[in-house]
Structures are given as structure tokens and as C-alpha cells.
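Chemist:
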Amino acid sequence: MKFRKIMGILITSALCVSALAGCGSSTNVSSSAAYSTASSSVSTEAENTSDEKVLRIAFPSTLTSADVTNSTSATMLKETAGVAETLVYADSNFKLQPMLATEWEMTGDNTWVFKLRDNVTFHDGTPFNAKAVKWCIERSLKENSELAGTTYIQSVEVIDDHTVQFTTSERTTDLPAAMSYVGTAIIAPSSVDKSGSFILPIGTGPFKAESFDETTGIFTAVRSDNYWGDINTSVTKRIVKSMPDASARSLAVQNGEIDIANDIPFSDLETLENSNNTNVSKFNTARTYFYEYNMKKDLFKDERVRKALIYAINKNEIVNDVLFGVGGVPKGILMDNMPWANTNVDTYEYNPDKAKELLAEAGYKDTDNDGYLDKDGQKLTVKIITFTKRPGCPLIAQATQGYFANIGIDASVKVMDWSAMNELIKKGDFDIALNSATSAYVPTPAYYLDAYYVHNNIGYKNDKLNELVEKCKATDKMDEKYEYSKEAQALGQEDACIYTPVLYGAVFAVSKNVTNFEFNAAAHDFIVPYNTDLK
Amino acid sequence: MLGYLIKRIVIVFGVLWMVSTLTYFTVHVTPGDTATAILYSIGGENAVSEKNIEHVRDKLDLNRPVYLQYFEWVTNSFKGNFGTSYKYNKPVLYMIKLRLPNTIKLGITAFLISVAVSIPLGIISALNHNRIVDHLSRIFTLLTSSFPSFWIAIIFIIFFALKLKLLPVSGMDSPKSIVLPAITLSLGMMAPIIRMMRTSMLDVMGQDYIWVSRAKGLKESAIIWRHVLRNAIPPIITVLGLQIGHILGGAVIIENIFSWPGVGGLLIDAINAKDTPMIEGCVLVVAFGYTFINLVVDIIYACIDPRLKYSGEGK
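Below you can see the structure in the form of C-alpha cells.
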């Protein structure tokens, strides 16, 4: 009898679930979170009715919060959903522009005063003022582990209703640029309840938060009626869906479930380009792919070897053939239109003969006719390490391996997690590392040059260059900043210990219903500008 | 029976302790600094500076020796406090409570689909031994066990979502969303169940008492239902229990491909960020699920197989 009962239960349950699954039973997407106000429903068909136009965007990271104290969420809220804004922003020419602040001034070695816009209210009608900025920045400094290190802000004081003073832990001339960083996005004190628990982000952007489902990572925002600025779009709602898997994003666009997705697999580009429903948009970004030599190794102490290896790489071929046209070759180390980019430096254009010549001068010849160069009986071998997260890294490293083989160098490639690669670099257990970073994380020359050249972990040091970067950080005159930056780049490029063969490209799959989608390289790669529209 | 139960529960706790300890130290010996991994996971390469690394280490008390961190974690775990996720800055239990129901929903659906297909197929296969149905069933078994689930997932998405437009590609937005991930997950479990059901049936069908039953003139259906199936089922229960482990492990991959918001996605994120408390939490949930289900299976097994009772094992 027991056996019959068990079998009966099993078979009945199986049939029920199969039927439910097949017929499409109701799965209730709800969160136990107190603030998950609604379960979002995104159908595979377009949700646009005559009075509602919904823009559905895939967000390429896991979203478990909608709070600006989490950098990932802050990026989503500022760049993708259009809910929260910063005091300053950088336009597509990397020039700082007023956003929630109208002007700013360095009033002392460690103090900056920002004048705030007086015609702004938060989405719930509460006023945007100095008190709100102080509350929000102090909260973010406490919760966000990277904010203090990025901005150097130590404290915030209210001068008057629309004036706020920031005191920094050290002298910085770049605070306005740092105030464009997503982690400084401002939300209202009413975003939290009386006990301080976060509810929903109440920002100042053209879209206001409607709901966030912590379980599914779906964030919805609707048009705000009281936006202080002018925007030109008929979109009434933005739904941001957390989709960390690149293939899932690509397939969702192809299936019409999503209107905009970025960082899609290169292998899907052809399919998407040939699709009737989607367009593929490629843009150069301020992010770079860069090679670093292990300067503690004798091999790379010889400048001729360092330069020979750069000459050996066909950068244009990498962009066009290996990266499917996603990316670009810089005229220096940065995007050409950055005001502080030096585009008059030697870029070591592809020249395998010159590479061989330089290696021969350095004493590397194929004495045993095995196809590989050698010196003092030692075969010339190099170990290239790179990481998985940036899609171009493994591809560029493999292409480089081939270019090196062409000039007689036996190269191996090891791909790993970024933190593991960083550890190997710190330990010195590598020959060449292919890394990546964004040069407009804080849109000012000193931040990137400081990380790229000065605080490297590869053993490279040029006192004159370091001095120039220090001067670039110290001066508050923009012309001087640019000049010091350009001089530093010239020196760094001449040393050729770190070099940028390729700029990182952003690739978007965009539904053909989407119009007016313009990329801003000064913003985050995930940006969906406010004016993005739907047909 | 009580003594047997207590013994098994002690073993469950022992397994959980071993799994959590192994996981804790494995996370710490894998390459990459924890503070660096956390910063990288939340802010990318640029967020990783010496200043920020120090800040994170101080904030999370990561400068202490690993064994001290481990003892603190174990002590707190016994009190029901599994810590706060390094990456999400939220309690681990809270995050798991959000996601676990989805993994269970997916797992149960996949399990039941698998049972509903595999057991009848195994029975039919055995009853039609070496006939065309049996051969087809064996080919099906071979195919489902040979193709990796991530590949099947992509093929299903292309066919059912992109070509036929019947089902969504991913997410958990509509009731239809569960169909593809559940079927993909269930396929991986079917082969062992079908094979075991078929073998077990054939084994019992060859026993003397079945021949005797036939000789006595019992109806074939009565022989199959009353004698063959009853004796063939116990080994299947064990296989079903083991397949639960497959569900929990397989869900990690399937959830990622279908953007299904379960514990699997949380675990992958946690591993990337070296978020030890979250990794421990997710691994413990999977390990507990696996050992608990196996405990239940053993109890069911003891109840339905009288031989165990008489031999004393189930007492």
C-alpha cells in the first residue's frame, strides 16, 4: 500500500507540474524585500501602447540593490535608468559641465565650494539642497568602500541652502571631475525610512523609480513630471533588467525581449547585423587595453626588445579582424578627442622587419635554425597573462602570440581571473600582462596617468614622468594640466614599458524601434542617454 | 529506527561541517586577494587602488589570520548568523532567502518532469526489451547524457524562442519562463533514472517468483504492478535522491544561461568576488539540500524495502 501511495503521489505531482509548466501557470515574481513594490512583468511582445512607450534595457551585471551606495547600482541609476544625477558631468569631449551644481571653486588647499542648482526638487517633491547633498555624500562615504579613495572627500559642510563645501583628506584639484563619478550620485534623504533602511532611490533625473525587485534584479522607472532640465523623448518608462550573461543579452535582443543590450559576444555580431529587428552600434570608449612588461626581468630592461615587441603587433588587424571592428587604434595612449591626449607620439606602427632588426641588435638570433630566436643558448620565450572579464583580452593575447611567433618568439598565453592576474603581476610571475582600465573613470588626466604610469606594479619608474604627473595633479589651471599630461605621455611612450595597442570598444545591439541613441564615451560603457527614443 | 535517524542526522552535520571548512580554506588558497576581488567586482579595474584595498581590509577585518576569521565564522554560523556579503553589504541569509525559492521552484519542476518522463520510459523500455521502443529509449538516454546542458540550453533557446517564438529566452518574467530551464535541467537527470528503471525491471522480471506467478496464471498487468514494479522501485529511489544533487549543481549553470534569479547566479557572483560569507552560505544550502534529500531517501527506502527492516539496517 505504501508503495502505491508513493507512486501515486509521485506520478500525480509530475503530471500536475508538467501540465502547469506547459500551460503557463502563474509564477509570482515577488520579493520578500520590504520595498519591492511590484512584480514586474516583461512580455516578449513590445509593451508599447498608444500612451505608454517602454524602453527595455539589459544591464550586464547582477543587480541586488537600487541604492547609490553600491557602485554597480549607482551606474544603473545614473547612466542606464536616468533616475539619479551627479553634481557635475563630462560631455562627449570630456569637458566638465554643470549638472546639479552650477559652479565650483577651490577655496583652500583642501576645500572646494559647490553652488547648487536652486530650481531642482527630488521626485517626491522634497527640495534638492545642500542638506540633502551632505546627507547623501556622507552616507555614500560610509557605505561605499571606493568613494573616499576616489574623491578624497573627508567631510561635507552646508554653507547655505544652495552652497556646499567639501573638505578633502589631501589637496586635490580634481574634485569637480571626481564629482561626476557615479558613486557621488545624489538621492533624497526620503529614500530611507525612519530607521535608516533604504526604500527606493528618490533622485532628480528625468525618470523616477517605480519599483525594484531584488530577486529578479528588474528596475522600473517612469517619466518624472518635474524634471529640471530639457529632454526630448517620448519614452514614458524604462525597464532595466539585470542580465549578466552576454549570450543571454544577445538572444534577448534577437527575440525582441529587450531593446538595448551592450557587451554582446563578438561571435553574435554577424547574426545581429543581418537581423531585420536589430542594429549593431560600435563605439570607441575611454577604456583601454594595455600591455605591461615585467620590468624586473632582464629581457625587458633592453629598450630595443620592448619596442620590437610593439612593432611586431599589427594593431589595425587586431581591431578589424580579431575584435570584429569593435575598438580602435589610438594615436597615443588615449582616445584622440580627449583634450589631454598627446597624439604626436610614436605609436610604433606595425613593422615586423623593424622588430626583427631591433631584436638582432639586442643579440637575439636564430642560431640553431629551429625557427625561434635565441641568445646565449636560451630560446626567446615570453609568458603573456591576461584575464577573462573584458571580451577582447583573450583574443588580443592570442593574436599577439601569433605575431610574436612571426618574428621568432615563442609566446604562451594564460587567461585567468583579474584578481589572480593582479596577484601574479604583484609577485612578478609573468613576462607581459594584457590589462584594461578606463581613462575617464574620473575625467581628468592625472587620475589615469597616476594609475597607469606612477602606481604600476611592474617595476617601471621614471622620475621625470612621475614629477610631471604630480604637477598635473597639483595645478588647478586646465591648460597647464593638459600640457603636463601630454609631456608625461610622451615620456612614457618613449620608454615603452606600458603601451596601449587598442582602445576598448562598446558594442550595442539595439532594436530597430530605438531612435536617437547616441553614445558618450566620457560616461560609463552602459550609458543609455536621456534622449534615447522609440518609434 | 530512532537510533538510525540520530546516526544519520549526526552524519549530515558532519558532512556540512567538512564541506564548509573545505570551502572556506579553498576560497582562501585560490589565487587573488580578497579585498582586490571585492573592489574589482563592484567598481572594475579602476576601483582597485592601494588606498581602497586598505580601506576594504580594515572595514572587513581581513588582516586577521584566516584561521581566526574561520573560527569567528563557524561560531557565528552556529548562532544562525552567516555573516554579511562582502559584495552586496547585506546579510547572507537575507540574500539566500530571496533567491532560494526560485532555485527550489526550478529544481522541483525539473525533477518532476524528469520523473514523469524517465520512469514510464524505463518501464516501457524494459517491457519491450530489445524491441524498437527499447532501442529508441536507449538512443534517447545516450543523447541526453552525452550533450552538455549549456549546449542543449542554447539549442532550445534558438529553436523554441528565436525560431518558433513560443517561449522567452531568459528571465523569470512570465509563467512560460520556467519551461526551457526546467526541461534543460531535467534532461541531464533522465539518463540514469531511465537506465536504472529499465535494468531494475529486467532484473526483477527474471526472478523465479515472477515465473512462478506467471505459471500460477496471474494476469500480466497484476504481475507487473504488484510484483515487478514494487521490487524494482527501491533502487530508483536512491538514484532519484542522487539526482537531486545533480539538480542543485546543474542549476548553477542553467540559472546563469537563462538569467534565472536563483542561488546559482548568486554563487557565481560570489566566487568572482571572493565573497567568502556568500560562497559559504550558497555552498551550505546546496550541501544541506543534497544531504537532507539523501537522508529522506534513505528513510523512504527503509520504509518501502522490507529487506532492510528485517536485516536490521533500517531499525
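Just so you know, the sequences run in chain order H and S.
So the number in our numbering is just where the residue sits in the first sequence, counting from 1, plus 973.
So the number in our numbering is just where the residue sits in the second sequence, counting from 1, plus 1.
A virtual CB, placed ideally from N, CA and C, is assigned to each residue, including glycine.
Every value quoted in this text rests on a predicted model; they were computed, and no experiment measured them.
#1: Can you pull the chain H residues whose beta carbon is under 8 Å from the beta carbon of Ile258 of chain S, in chain order?
#2: Taking buried to mean at least 16 other C-beta atoms within 10 Å of its own C-beta, is Lys1214 of chain H buried or exposed?
#3: Applying a beta-carbon distance threshold of less than 7 Å, which residues of chain H neighbour Pro278 of chain S?
#4: Just list the residues that DSSP pairs Arg1260 of chain H with in beta bridges.
#5: Are three or more beta carbon pairs between the region 280-293 of chain S and the region 245-252 of chain S nearer than 8 Å?
#6: Would you mind working out which of H:Cys1445, H:Phe1499, H:Leu1438, H:Asp1449 sits nearest Cys1470 of chain H, comparing C-alpha positions?
#7: Since Glu1396 of chain H meets chain S, which of its residues come closer than 9 Å, beta carbon to beta carbon?
#8: Kindly list the residues whose CB is nearer than 7 Å to the CB of Gln1371 of chain H, restricted to its own chain and excluding five residues on each side of it in sequence; keep chain order.
#9: Quick one: complete alpha helix (DSSP H) runs, 4+ long, within the region 188-232 of chain S?
#10: Closer than 8 Å is the cut-off here; do at least three beta carbon pairs connect the region 1312-1325 of chain H with the region 1454-1463 of chain H?
#11: Kindly give me the distance between the Cβ atoms of Ala154 of chain S and Phe293 of chain S, rounded to whole angstroms, as I take these residues to be in contact under 8 Å.
#12: Tell me which residue opens and which closes the alpha helix (DSSP H) that Trp1108 of chain H is part of.
#13: So, with DSSP's three-state summary, where would you put Pro1100 of chain H?
#14: Among H:Thr1505, H:Leu1507, H:Phe1499, which has the Cα closest to the Cα of Thr1048 of chain H?
#15: CA-CA distance, Leu122 of chain S and Glu1230 of chain H?
#16: Under a three-way DSSP split, which group does Asn1250 of chain H fall into?
#17: Any residues in the region 1172-1198 of chain H with a beta carbon nearer than 9 Å to a beta carbon of chain S? Which ones, in chain order?
#18: Exposed or buried, which one is Ala216 of chain S when buried takes at least 16 other CB atoms within 10 Å?
#19: With 8 Å set as the bound, which would you pick, yes or no: does the beta-carbon of Pro218 of chain S sit closer than that to a beta-carbon of chain H?
#20: If Thr1189 of chain H sits next to Met19 of chain S, beta carbons under 8 Å apart, how far is it from one beta carbon to the other, in whole angstroms?
#21: Going along the region 1379-1404 of chain H in order, which residues come within less than 9 Å of chain S, judged by CB to CB distance?
#22: Whether or not the region 1424-1437 of chain H and the region 57-72 of chain S are in contact is what I'm after, with contact meaning three or more pairs of Cβ atoms, one per stretch, closer than 8 Å; do they touch?
#23: Using a beta-carbon distance cut-off of less than 8 Å, what residues from the region 39-51 of chain S approach chain H?
#24: If the cut is a Cβ gap below 7 Å, which residues of chain B does Lys1214 of chain H touch?
#25: Does the CB of His56 of chain S have a neighbour CB from chain H at under 8 Å?
#26: Given 8 Å as the limit, is there contact between the region 1239-1255 of chain H and the region 1295-1309 of chain H, that is, 3 or more CB pairs closer than that?
#27: Taking 8 Å as the CB-CB cut-off, is Asn1439 of chain H touching chain S?
#28: Look at the alpha carbon of Ala1259 of chain H and the alpha carbon of Leu61 of chain S, and state the distance between them as a whole number of angstroms.
#29: State the start and end residues of the unbroken beta strand (DSSP E) segment that holds Asp1133 of chain H.
#30: On the premise that Ala1482 of chain H lies in contact with Thr1251 of chain H, defined as a C-beta separation below 8 Å, what is that separation, rounded to the nearest angstrom?
#31: Please report the straight-line C-alpha distance between Ala233 of chain S and Phe151 of chain S, rounded to a whole angstrom.
#32: Whole angstroms is fine: what's the gap from Gly1365 of chain H's alpha carbon to Ile140 of chain S's?
#33: Once DSSP output is grouped into helix, strand and coil, what is the label at Asp1452 of chain H?
#34: Report the option in S:Leu243, S:Glu281, S:Ser138 whose CA atom is closest to the CA atom of Thr22 of chain S.
#35: Can you pull the chain H neighbours of Met96 of chain S, defined as C-beta to C-beta under 9 Å?
#36: Per DSSP, Glu1265 of chain H forms a beta bridge with which residues?
Modeler: In terms of the structure at hand:
#1: For Ile258 of chain S, the residues of chain H that pass the 8 Å Cβ criterion are Asp1218, Ser1220, Ala1221, in the order they occur in the chain.
#2: Lys1214 of chain H is buried by the Cβ-count criterion.
#3: Within 7 Å Cβ-Cβ: nothing; Pro278 of chain S doesn't reach chain H, min ~14 Å.
#4: For Arg1260 of chain H, the pairing in a beta bridge is given by DSSP as H:Thr1411.
#5: yes
#6: Closest in C-alpha terms to Cys1470 of chain H, from the list H:Cys1445, H:Phe1499, H:Leu1438, H:Asp1449, comes H:Leu1438.
#7: Around Glu1396 of chain H, the beta-carbon contacts reaching into chain S at under 9 Å are Pro32, Gly33, Asp34, Thr37.
#8: Val1386
#9: 209-216
#10: yes
#11: Actually they are not in contact, since the Cβ atoms of Ala154 of chain S and Phe293 of chain S sit about 27 Å apart, beyond 8 Å.
#12: 1103-1116
#13: strand
#14: Minimum Cα distance to Thr1048 of chain H is reached at H:Phe1499.
#15: 36 Å
#16: coil
#17: Sequence-ordered contacts of the region 1172-1198 of chain H with chain S read Asp1186, Glu1187, Thr1188, Thr1189, Gly1190, Ile1191 [C-beta pairs closer than 9 Å].
#18: Ala216 of chain S comes out exposed.
#19: According to the sequence displayed, residue 218 of chain S carries Gly and not Pro. Gly218 of chain S does not count as touching chain H.
#20: In fact, because the Cβ distance is near 34 Å, the residues do not count as touching under 8 Å.
#21: Met1389, Asp1390, Trp1391, Ser1392, Ala1393, Met1394, Asn1395, Glu1396, Leu1397, Lys1399
#22: no
#23: Ile39, Leu40, Tyr41, Ile43, Gly44, Gly45, Glu46, Asn47, Ala48, Val49, Ser50, Glu51
#24: Structure shown: chain B not included; protein chains present are H and S.
#25: yes
#26: yes
#27: no
#28: 32 Å
#29: 1126-1133
#30: 5 Å
#31: 33 Å
#32: 40 Å
#33: Three-state DSSP puts Asp1452 of chain H in a helix.
#34: S:Glu281
#35: The contacting residues are Thr1037, Glu1187.
#36: Under DSSP, Glu1265 of chain H takes part in a beta bridge, and its partners are H:Ala1406, H:Ile1471.
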